[in-house]
Amino acid sequence: MKIERLVVASKNPDKIGEIEAVLRGLGLVDVVARGLEWPDVEETGTTLEENALLKARAVAAAVGLPALADDTGLEVDALGGAPGVRSARYAGTDATYDDNVRRLLAEVADAQDRSARFRTVMALVFPDGREIVGEGVLEGQIIDERRGTSGFGYDPVFLVDGRTLAEIDPVEKNAISHRGRALRALAARLSADT
């Protein structure tokens with residue numbers, strides 16, 4: 297099924313750009329609507345899926361278009377899965393990417409096991425109430441210092457196959473990333489449901 301128009305339910309331009317690039321590659325949507333307004337949606341869920349659905353439901357209801365939302369968490373084994381669902385707010389409610397990375401590096405400084413994964417849940421909600429969810433995971437390691445200039449968030453300290461996500465070309469990143477995997481899983485479910 298191809299969707300004529302949808303809105304990416306995010307106000308994060310980095311995330312929107314990444315999602316749009318993957319959507320174009322999948323041929324899933326004709327037009328990603330821009331310039332629409334909707335009220336802020338508080339992420340009160342205790343899981344990534346709950347937060348993604350909260351955002352997608354609220355935005356679909358507000359704008360009357362299918363809404364695609366994600367929630368992504370970085371799960372670090374040495375931290376018992378933290379920051380997890382609180383990844384965007386790890387260093388505080390108004391934390392910057394830099395603040396969050398600094399806190400993460402301080403907390404894993406003495407850790408032997410640096411295994412980690414990004415987990416993304418994508419939720420697509422239609423105005424008629426239909427909901428489709430897809431999940432994607434990318435395994436990696438947390439390194440001690442930032443490397444690379446691409447990407448955003450924790451990308452400069454997340455190592456995959458000898459390179460951080462910030463060192464990987466955006467097209468290649470979208471092909472392997474947790475967000476790309478979640479979108480492909482969602483697209484497969486969408487095709488199966490039609």
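Going by the working numbering, the letters in the sequence shown line up with residues 297 to 490, in that order.
Where a beta carbon is used, it is the ideal one built from N, C-alpha and C, also for glycine.
Every value quoted in this text rests on a predicted model; they were computed, and no experiment measured them.
How many angstroms separate the CA atom of residue i from the CA atom of residue j?
i      : j      : result
Arg399 : Tyr386 : 8 Å
Val328 : Val397 : 31 Å
Leu306 : Val404 : With the sequence shown as reference, residue 306 is identified as Ser, and Leu is not the correct amino acid for it. If I take the Cα positions, the gap works out to 29 Å.
Val456 : Leu401 : 17 Å
Val337 : Val381 : 15 Å
Arg320 : Asp451 : 22 Å
Arg301 : Pro466 : 24 Å
Leu332 : Val453 : 34 Å
Gly425 : Ala378 : 32 Å
Leu324 : Phe448 : 25 Å
Trp334 : Asn308 : 14 Å
Glu345 : Ser446 : 27 Å
Gln408 : Thr389 : 29 Å
Ala352 : Ala365 : 5 Å
Ala356 : Leu322 : 21 Å
Gly430 : Ala317 : 17 Å
Asp440 : Ala488 : 43 Å
I'd like to check one pair, residue j with residue i: are the Cβ atoms closer than 8 Å?
i      : j      : result
Val303 : Ala348 : no
Leu350 : Gly360 : no
Leu479 : Ile315 : yes
Glu463 : Arg413 : no
Identify every residue that forms a DSSP beta bridge with residue i.
i      : result
Tyr422 : Here residue 422 turns out to be Phe, not Tyr, going by the sequence shown. Paired residue(s): none; Phe422 is not in a bridge.
Leu302 : Val328
Phe503 : Residue coverage of the chain in this structure runs from 297 to 490, which leaves residue 503 outside it and unanswerable.
Leu375 : None, per the DSSP bridge assignment.
Taking the alpha carbon of residue i as the reference point, which residue from the options has its own alpha carbon closest?
i      : options                           : result
Leu482 : Ile428, Phe448, Glu441 and Asp310 : Ile428
Val421 : Arg330, Thr460, Pro309 and Arg485 : Arg485
Met418 : Arg475, Thr343 and Gly323         : Arg475
Gln437 : Asp367, Arg330 and Ala374         : Ala374
So the alpha helix (DSSP H) residue i belongs to, where does it begin and stop?
i      : result
Val337 : Looking at the DSSP string, Val337 is not in any alpha helix (DSSP H), and its letter there is neither H nor E.
Ala402 : Tyr393 to Glu403
Asp494 : Since the displayed the chain opens at 297 and closes at 490, residue 494 lies outside it and no answer follows.
Gly321 : Pro309 to Leu322
Val359 : Leu344 to Val359
Since residue i is in the beta strand (DSSP E), which residue starts that stretch and which ends it?
i      : result
Ala462 : Ala462 -> no beta strand (DSSP E), and no H or E assigned at all.
Phe454 : Phe454 to Val456
Gln437 : Glu427 to Ile438
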